[in-house]
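To keep things clear, I will list the structure first and then write my remarks on it.
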Amino acid sequence: MSVKLVNPFDDKELLNTLKEFGFDLKKDIKDTELGQSGYNELMQDLSFDLENCKFGAKLHQHENGTLVAYKIRHKDSNRSIGKSKAYRIIYIVYLTEEIAFICHIYHKVSGKKPKSDLSQSEKDNLNALIDALAQQEE
């Protein structure tokens, strides 16, 4: 299954929904010091991975099976940091529509707020976001 990546910045309603659940991509880009060109590169690389069925680690799947959250690692070319210590991209896939969108980006060791993993609160918010999006689909 090939999945198409859509840019959340093209959908204001989606960005607002993400913010309601504690995910702010504009802030993520600022905190990771990714910048617009870095974000565009990240989108291209993730799009390539999705087209080639490289999804990363599954974080949560809605009980109806139509929505899944994944975490994938991405290199930091600007700082010459490999995947193991660089960006983490959290994204959601609509399996029925074969589309995906990024909901959160963080850096493991660099940027303004590096972190090694999602907090429990972020994991809970991600699960709640997936449940809310699944209800919108019904």
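Reading the sequence shown from the start, the letters are residues 8 to 145 in this note's numbering. Note that CB positions come from ideal geometry on N, CA and C, so glycine has one too. Fair warning: this is a prediction, and the values are worked out from it, not measured in the lab.
Closest to Y113 by C-alpha separation, out of D83, I106, A107, would be which residue?
D83
Using 10 angstroms around the beta-carbon of R86, count the other beta-carbons present and answer buried if the total reaches 16, otherwise exposed.
exposed
Whether F30 touches H111 by CB criterion (8 Å):
yes
What number of angstroms, rounded off, separates the C-alpha of Y98 from the C-alpha of Q43?
18 Å
How should N59 be labelled, buried or exposed, when 16 other C-beta atoms within 10 angstroms of its C-beta is the threshold for buried?
exposed
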